[in-house]
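Chemist: For the sequence shown, our numbering gives the first residue as 1, with consecutive numbering after it. The structure is given below, and queries will be raised subsequently.
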Amino acid sequence: MLDLKLIRTETDFVKEKLATRGVDAKEIDDLLALDQKRRDLIVKSETMKANRNTVSDEISQLKRNKEDASDKIAQMKQVSADIKALDEQLTAIAEDVSDKTSRLPNIPNDEVPVGLTEEGSVELRKWGEMPTFTDFKPKSHWEIGENLGILDFERGAKVSGSRFLYYVGQGARLERAIYNFFLDENEKAGFTEVLPPYMVNSESMYGTGQFPKFKEDVYSLKEADETLIPTAEVPLVNYYRDEVIPTEKLPVYFTALTPAFRSEAGSAGRDTRGLIRLHQFNKVEMVKFTKPEDSWTELESLTKHAEELLQKLGLAYHVITLTTSDMSFTAAMTHDLEVWLPFQDRYREISSCSNTTDFQARRAHIQYRDDNGKLQYVHTLNGSGLAVGRTVAAVLENYQNADGTVNIPEALQPYMGGQTKITKED
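Now the structure itself:
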């Protein structure tokens with residue numbers, strides 16, 4: 001959430017920055033008008049309460065003097081009723097101000113390329129050699145998986161609906177090998193592994209920015225205030241919600257493997273086959289809590305670590321900085337890692353590494369004490385390390401052979417019991 005004081009004092013700056021994210025200046029003007037009304041009502045309420053206190057003192061004095069206080073008492077009752085009505089109005093307006101503020105995205109960093117679409121993202125670097133297939137045409141990962149008997153989309157659809165699947169045999173083992181490899185590498189990089197809840201309450205979804213704006217993108221229970229997590233970022237960031245992190249603990253690094261549940265609202269017709277866009281998928285997430293002055297360096301180290309995971313798997317990729325409108329609602333800057341998929345003949349996202357600055361910490365009230373002992377908001381960062389299903393897709397497509405088998409990357413072989421190749425299931 002943006003600081004309302006910043007919106008008041010740096011209005012033109014905020015309008016200019018948020019315009020690059022598709023926010024109309026009228027939204028800012030309407031918010032400020034409502035905020036001014038709220039502030040005026042606060043002054044009016046405080047004035048009326050001061051007057052009520054004065055009248056109350058006068059009534060006491062009249063009673064001590066055994067004089068008639070009936071007029072003053074009637075006046076007091078009316079003032080109290082007026083104050084109650086005013087406070088109810090004030091509460092409603094304050095909630096409206098908070099709601100409107102919570103729907104504004106984060107202010108983009110000056111280095112973020114400006115664009116109202118995904119076009120215009122800036123490529124920072126590339127790594128790796130794209131595989132060449134001279135004696136056969138590369139197949140899609142879903143065709144490879146189905147032919148090998150390790151991915152079963154048909155039964156997934158029968159049991160749960162579209163965008164679900166079964167991993168079977170070596171497919172399940174490959175998925176497990178990949179996420180265990182990621183967790184081990186993350187631990188080596190200083191991340192503490194966490195096994196968090198897979199369901200969270202609305203306060204948690206608000207803290208990380210999914211609520212109230214993106215409720216249609218998630219699965220929530222009807223009979224309880226619980227939502228299936230769309231990413232482990234939600235429970236990991238909210239671990240410290242409403243807390244002051246001891247300064248000596250910073251930075252804090254967390255990593256977690258969890259399923260992610262997404263409704264994929266608005267994705268009809270996109271990536272209808274394969275592992276790229278599912279309603280349920282495994283993802284290893286990385287989250288950092290840092291001091292503000294360290295967060296940009298931490299973003300680069302987070303991105304580099306995600307790159308190292310792909311490098312150790314021998315998968316070609318590039319890194320891009322997303323445009324102002326393409327990065328997530330909470331982000332001030334996002335670096336996407338996109339892995340090469342031969343069948344699609346293009347790069348596809350496999351990790352997004354973002355610095356949300358104090359945007360999430362302000363919503364979730366996560367603070368620390370600076371060198372002067374003053375409470376400040378931490379900065380939070382998040383990144384996939386990595387999306388497991390998409391890594392399976394990349395391994396199947398990049399390591400496929402003409403006979404339909406798939407070579408297992410060397411880094412994963414110890415996690416596959418020394419197995420070097422995936423062959424057809426009996």
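Backbone N, C-alpha and C fix where the C-beta goes; we use that ideal spot for every residue, glycine too.
#1: If distances are taken between C-alpha atoms only, which option among T20, M1 and V14 comes closest to S325?
#2: Give me the DSSP bridge partner(s) of N407.
#3: Counting Cβ pairs closer than 8 Å, one from the stretch 352-372 and one from the stretch 272-281, do we hit at least three?
#4: Residues in its own chain within less than 7 Å of L302 by CB, not counting five upstream and five downstream?
#5: Within a Cβ cutoff of 7 Å, which residues of the same chain sit near L295, ignoring the five residues on either side of it in sequence?
#6: Can you give me the Cβ contacts of L375 inside the same chain, cut-off strictly under 8 Å, excluding the 5 residues immediately before and after it?
#7: I'd like to know whether the C-beta of K291 is nearer than 7 Å to at least one C-beta of chain C.
#8: My output table needs one value for R369: the three-state DSSP class, helix, strand or coil.
#9: Report, in whole angstroms, the separation of the C-beta atoms of T391 and N407, which I expect to be a contact under 8 Å.
#10: Where do the N-terminal and C-terminal ends of the beta strand (DSSP E) with K126 fall, by residue?
#11: Tell me the DSSP secondary structure of T258 in three-state form.
#12: Taking the CB atoms as reference points, tell me whether F181 and G385 lie closer together than 7 Å.
#13: Whole-angstrom Cβ separation of L32 and I7, contact assumed at under 8 Å?
#14: Return the first residue and the last residue of the beta strand (DSSP E) that D336 is part of.
#15: Determine the contact status of T208 and E226, defining contact as a CB-CB distance below 7 Å.
#16: Label L228 either buried or exposed according to how many other C-beta atoms from any shown protein chain fall within 10 Å of its C-beta, with 16 as the threshold for buried.
#17: Out of A92, E300, R262 and Y240, which one is the CA nearest neighbour of E203?
#18: DSSP state of E243, grouped into three classes?
#19: Is E193 buried or exposed, if buried means 16 or more other CB atoms sit within 10 Å of its CB?
#20: Once you ignore the five residues that flank Y399 on each side, which residues in its own chain have a CB closer than 6 Å to its CB?
#21: Of the choices R173, T47, D12 and S80, whose alpha-carbon is the least far from that of I422?
#22: If we count Cβ pairs, one from each stretch, closer than 8 Å, do we get three or more for the stretch 309-320 versus the stretch 336-345?
Modeler: On the basis of the coordinates in this document:
#1: Counted from its first residue, the sequence shown places residue 325 at position 325. Of the candidates T20, M1 and V14, the one whose C-alpha sits nearest the C-alpha of S325 is T20.
#2: Against the sequence shown, residue 407 aligns to sequence position 407. For N407, which the question treats as bridged, DSSP gives the partners K421.
#3: no
#4: Taking the first residue of the sequence shown as 1, we reach residue 302 at position 302. Here the set comprises M286, K288, C353, L381 and G383.
#5: The residue given as residue 295 occupies position 295 in the sequence shown. Per the sequence shown, residue 295 should be read as Ser rather than Leu. Once the five neighbours on either side are set aside, the close Cβ partners of S295 are N355, T357, H379 and L381.
#6: Counting from 1 along the sequence shown, the entry for residue 375 is found at position 375. Excluding positions up to five away in sequence, the list reads V244, Q367, Y368 and R369.
#7: Among the chains in the structure shown there is no chain C, since it carries only a single protein chain.
#8: Indexing the sequence shown from 1 puts residue 369 at position 369. Note: R369 maps to strand in three-state DSSP.
#9: Within the sequence shown, numbered from 1, the residue matching residue 391 stands at position 391. Within the sequence shown, numbered from 1, the residue matching residue 407 stands at position 407. About 15 Å; that fails the 8 Å criterion.
#10: Numbered from 1 along the sequence shown, position 126 holds the residue referred to as residue 126. Run containing K126: V122 to W127, per the beta strand (DSSP E) assignment.
#11: Here residue 258 is taken as the residue at index 258 of the sequence shown, counted from 1. Strand, per DSSP.
#12: Within the sequence shown, the letter at position 181 stands for residue 181. Within the sequence shown, the letter at position 385 stands for residue 385. Against a cut-off of 7 Å, the Cβ pair of G385 and F181 comes out as no contact.
#13: As a working note, residue 32 is residue 32 in the sequence shown. As a working note, residue 7 is residue 7 in the sequence shown. Rounded, the Cβ-Cβ distance is 7 Å, consistent with contact.
#14: Counting from one through the sequence shown, the residue named residue 336 turns up at place 336. Where D336 is concerned, the enclosing beta strand (DSSP E) stretches over M333 to L341.
#15: Your numbering for residue 208 matches position 208 in the sequence shown. Your numbering for residue 226 matches position 226 in the sequence shown. Cβ atoms of T208 and E226: not closer than 7 Å.
#16: The residue labelled residue 228 in the question sits at position 228 within the sequence shown. So L228 ends up on the buried side.
#17: As a working mapping, residue 203 is identified with position 203 in the sequence shown. Cα-wise, what sits closest to E203 is Y240.
#18: Start at 1 with the first residue of the sequence shown, and residue 243 comes out as number 243. DSSP places E243 in strand when its eight states are reduced to three.
#19: Reading the sequence shown from its first residue, position 193 is the one you call residue 193. Label assigned to E193: exposed.
#20: Within the sequence shown, numbered from 1, the residue matching residue 399 stands at position 399. Counting only Cβ-Cβ distances below 6 Å, and skipping sequence neighbours, we find V406 and N407.
#21: On the sequence shown, position 422 is the one that residue 422 refers to. For I422, the nearest C-alpha among the options comes from R173.
#22: yes
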